[in-house]
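S.K.: Number 122 marks the last residue of the sequence shown (my numbering); no jumps. Even for Gly, the Cβ is constructed at its ideal location relative to N, Cα and C.
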Amino acid sequence: MLMPKKNRVAIYEYLFKEGVMVAKKDYHAPKHPELENIPNLEVIKALQ
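1) From residue 111 to residue 85, what distance separates their C-alpha atoms?
2) Please say whether residue 114 and residue 91 have beta carbons closer to each other than 8 Å?
3) Nearest-angstrom Cα distance between residue 87 and residue 102?
4) Rounded to the nearest angstrom, what separates residue 76 and residue 117 at their Cα positions?
5) Among the residues of its own chain, which have a CB less than 7 Å from the CB of residue 105, if the five just before and after it don't count?
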């Protein structure tokens, strides 16, 4: 999935900092609970 580089970098930074990351399977959620300005769909697709 195409997504802005800053969003992808923020997702991977959080993942490597925490060691684990979960995303609720809700494709229509406007934002991810831990990453406030990144859509949940982008988090799900980055973690696939």
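M.R.: According to the structure data:
1) In the sequence shown, counting from the first residue as 1, residue 111 sits at position 37. In the sequence shown, counting from the first residue as 1, residue 85 sits at position 11. So the alpha carbons of these two residues sit roughly 11 Å apart.
2) As a position in the sequence shown, residue 91 is number 17, starting the count at 1. As a position in the sequence shown, residue 114 is number 40, starting the count at 1. No, the pair does not count as a contact, with Cβ atoms beyond the cut-off.
3) Sequence index remark: in the sequence shown, residue 87 carries index 13 (1-based). Sequence index remark: in the sequence shown, residue 102 carries index 28 (1-based). Distance between the alpha carbons of residue 87 and residue 102 is about 23 Å.
4) Stepping through the sequence shown from its first residue, residue 76 is reached at position 2. Stepping through the sequence shown from its first residue, residue 117 is reached at position 43. Those two C-alpha atoms are separated by around 12 Å.
5) Here residue 105 corresponds to residue number 31 of the sequence shown, with the count starting at 1. Contacts found: 111, 112, 113, 114.
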